[in-house]
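Student:
Number of protein chains: 2
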Amino acid sequence: MTAIEPRPRRSDATKTAILAAARERFAAEGYERATIRAIAADAGIDPAMVMRYYGSKDRLFAAAAEFDLRLPDVTAMPHEEIGTRIVGHFLSRWEEDETLMALLRAAVSNEAARERLQAIFTDQVAPVMAPLAPDPAQAGERAGLLATQMLGLALCRYVLGLPPIVHMSRADVVAWLAPTVQRYLAGDRT
Amino acid sequence: MTAIEPRPRRSDATKTAILAAARERFAAEGYERATIRAIAADAGIDPAMVMRYYGSKDRLFAAAAEFDLRLPDVTAMPHEEIGTRIVGHFLSRWEEDETLMALLRAAVSNEAARERLQAIFTDQVAPVMAPLAPDPAQAGERAGLLATQMLGLALCRYVLGLPPIVHMSRADVVAWLAPTVQRYLAGDRT
DNA sequence: ACTGTTGGTCAACGGCTGTTGGCCAACGTC
DNA sequence: GACGTTGGCCAACAGCCGTTGACCAACAGT
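Which chain is which? The protein sequence lines are A and B, in order. Number 183 in the working numbering belongs to position 183 of the first sequence; there are no gaps in the numbering. Number 1136 in the working numbering belongs to position 136 of the second sequence; there are no gaps in the numbering.
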């Protein structure tokens, strides 16, 4: 059952170019420093077009910040590999799609972005991780702990550029963080 | 050996009022959304005074972002309590001084703030934690890992307001994170 | 060929920003 | 009590921002 697509319009290319430029600027500079004028210049069109197609800067961001973490099914993997796989998956998602960077950079000072990031946690992270918790009452807490470690890693590695973290290899990051994540999601508290 | 203090001036009260208002605004709104006009209004004076005393917005931030983590001497505490004590100390520092919040919020989009946060890591965190590392070559890496977990916690608990993390008691946070920090600073990699 | 629709540019408005310089009043010293 | 110094306010400038509306060109359907 494929959705009925409206006939493609000539402006579709422009729209996606705007979206790509917007993601890049929001990711690199955050919400307020990324200007509509700069985004339009990157996309090679007039700033007025951005307003015509997306209405306002807020709505442009909302459109650019659509994101799917594509978390794997954790119930279908060897129990002791959960930490390793989850950390690896987050690293991959973070490096292949700048939308996450845009969300993090903007969420710190923009209310809508903050809510969007919270929604990703509530809708995509928490439900997927819930089955792993020994005690269902702890499920939310455990997912939250995962978020602290993964967002903290992204903050230090991709945003702040903390030298020891930036220079670590992917394998080292996974080796260090996997046991932490494993414990947060499915292990004992102490 | 007390430093020779210049005679106190009438304007000292105003200067510190500006600094307090600046910290509050930078902490609550980040660097670009915190305006000099708003800071001056909070301090009950004219925006021009901010420029007179601090020269520019950049230098005002630099003055407001002076910060000492006051990390305890980790070599003088029971080895197995290190994780607990460090996590507790970070929680306290974060809650009693809004400077840290100002630094984190600003560092995401402001270069000078990013460098300041890096400097705090390099000058205050890394050297203090170094003696705990079994292998001195790993010292920087281990301190960096500590930073990912503590900054990630602060981000989720104080900036993003992730519900499960916000609702956790201080004791729960310490209980969950202490083993992680203990392992990062002084434990085995796996 | 005509005409309505779509994709796009241009110039401008109003508002907010950091920053500046001139002016005034209160103070401290002789 | 005169006078330099200090603390403070006010008004304005120049620049950038999001946003708007008028205008033009290319296309599609008849």
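All C-beta atoms in this analysis are idealised placements derived from N, C-alpha and C, irrespective of residue type, glycine included.
If residue 1061(B) and residue 1106(B) are in contact, beta carbons under 8 angstroms, what's the gap, nearest whole angstrom?
Tutor: Indeed, because the Cβ distance is near 7 angstroms, the residues count as touching under 8 angstroms.
Student: In the structure shown, what three-state DSSP assignment does residue 12(A) receive?
Tutor: helix
Student: Using a Cβ-Cβ cut-off of 8 angstroms (strictly less than) and excluding sequence neighbours within five positions of residue 1045(B), which residues of its own chain qualify?
Tutor: 1014, 1017, 1018
Student: Find out if the Cβ-Cβ distance for the pair residue 1084(B), residue 1178(B) is shorter than 7 angstroms.
Tutor: yes
Student: Whose C-alpha, out of 162(A), 171(A), 64(A), 136(A), is nearest the C-alpha of residue 1115(B)?
Tutor: Answer by Cα proximity: 162(A).
Student: Is any beta-carbon of chain B found at less than 7 angstroms from that of residue 109(A)?
Tutor: yes
Student: Just to confirm the assignment, what range does the alpha helix (DSSP H) spanning residue 185(A) have?
Tutor: Residues 170-186.
Student: Which whole-angstrom value is the C-beta distance of residue 1129(B) and residue 1153(B), which I expect to be below 8 angstroms?
Tutor: Actually they are not in contact, since the Cβ atoms of residue 1129(B) and residue 1153(B) sit about 17 angstroms apart, beyond 8 angstroms.
Student: What does residue 237(A) touch in chain B if you count any residue whose Cβ is under 9 angstroms from its own?
Tutor: Any question about residue 237(A) goes unanswered here, given that chain A covers just 1 to 190.
Student: Please confirm if residue 13(A) has its CB atom under 7 angstroms from at least one CB of chain B.
Tutor: Interface with chain B (7 angstroms Cβ-Cβ cutoff): residue 13(A) is excluded.
Student: On the criterion of 16 or more Cβ atoms from any shown chain inside 10 Å, does residue 1109(B) qualify as buried, or is it exposed?
Tutor: buried
Student: Mind the definition here: the region 1045-1057 of chain B touches the region 1081-1096 of chain B only if three or more C-beta pairs lie below 8 angstroms; say whether that holds.
Tutor: Contact fails between the region 1045-1057 of chain B and the region 1081-1096 of chain B, because fewer than three Cβ pairs, one in each stretch, are under 8 angstroms apart.
Student: Tell me whether residue 77(A) is buried or exposed, calling it buried when 16 or more other Cβ atoms sit within 10 Å of its Cβ.
Tutor: exposed
Student: For residue 1164(B), which option in 144(A), 117(A), 43(A), 112(A) has the closest C-alpha, if you only look at C-alpha atoms?
Tutor: 144(A)
Student: Given that a residue counts as buried once 16 or more other Cβ atoms are within 10 Å of its Cβ, and exposed if not, what is residue 1141(B)?
Tutor: Flag for residue 1141(B) reads buried.
Student: Might you give, ordered along the chain, the residues of its own chain that have their beta carbon closer than 7 angstroms to the beta carbon of residue 102(A), omitting 5 neighbours on each side?
Tutor: Closer than 7 angstroms at the Cβ level, and outside the excluded window around residue 102(A), lie 23, 26, 27, 64, 65.
Student: Measuring straight from C-alpha to C-alpha, what distance separates residue 169(A) and residue 91(A)?
Tutor: Cα-Cα distance, rounded: 11 angstroms.
Student: Short of 9 angstroms Cβ to Cβ, which residues in the region 1111-1126 of chain B face chain A?
Tutor: 1114, 1117, 1118, 1121, 1122, 1126
Student: In whole angstroms, what separates the C-alpha of residue 172(A) from that of residue 112(A)?
Tutor: Each residue's Cα considered, the two are about 35 angstroms apart.
Student: Taking the Cβ atom as the reference point for each residue, do residue 1037(B) and residue 175(A) lie within a distance shorter than 7 angstroms?
Tutor: No; because the gap between Cβ atoms is not below 7 angstroms, this pair is not in contact.
Student: Consult DSSP for residue 1065(B) and reduce its assignment to one of helix, strand or coil.
Tutor: coil
Student: Beta-carbon separation of residue 1124(B) and residue 1069(B) under 7 angstroms?
Tutor: yes
Student: Could you give the residue range of the alpha helix (DSSP H) that holds residue 142(A)?
Tutor: Where residue 142(A) is concerned, the enclosing alpha helix (DSSP H) stretches over 139-154.
Student: Please list, in chain order, all residues of the same chain as residue 1087(B) whose beta carbon is under 6 angstroms from its beta carbon, the five residues on each side excluded.
Tutor: 1174, 1177, 1178, 1181
Student: Which same chain residues end up closer than 7 angstroms to residue 1082(B) when comparing Cβ atoms and leaving out the 5 residues on each side of it in sequence?
Tutor: Here the set comprises 1074, 1132, 1182, 1185, 1186.
Student: From the DSSP output, in three-state form, read off residue 1051(B) for me.
Tutor: helix
Student: Here's the rule: buried if 16 or more other CB atoms are within 10 angstroms of the residue's CB, otherwise exposed. What is residue 159(A)?
Tutor: buried
Student: Using the rule of at least 16 other Cβ atoms within 10 Å of the residue's Cβ for burial, across every protein chain shown, is residue 1050(B) buried or exposed?
Tutor: buried
Student: Cβ of residue 88(A) less than 7 angstroms from any chain B Cβ?
Tutor: no
Student: Using DSSP with H/G/I as helix, E/B as strand and the rest coil, what is residue 45(A)?
Tutor: coil
Student: Measuring straight from C-alpha to C-alpha, what distance separates residue 127(A) and residue 1042(B)?
Tutor: 43 angstroms
Student: What is the C-beta distance between residue 1151(B) and residue 155(A), in whole angstroms, given that I count them as a contact (C-beta under 8 angstroms)?
Tutor: 6 angstroms
Student: Might you give, ordered along the chain, the residues of its own chain that have their beta carbon closer than 6 angstroms to the beta carbon of residue 1021(B), omitting 5 neighbours on each side?
Tutor: 1039, 1042, 1043
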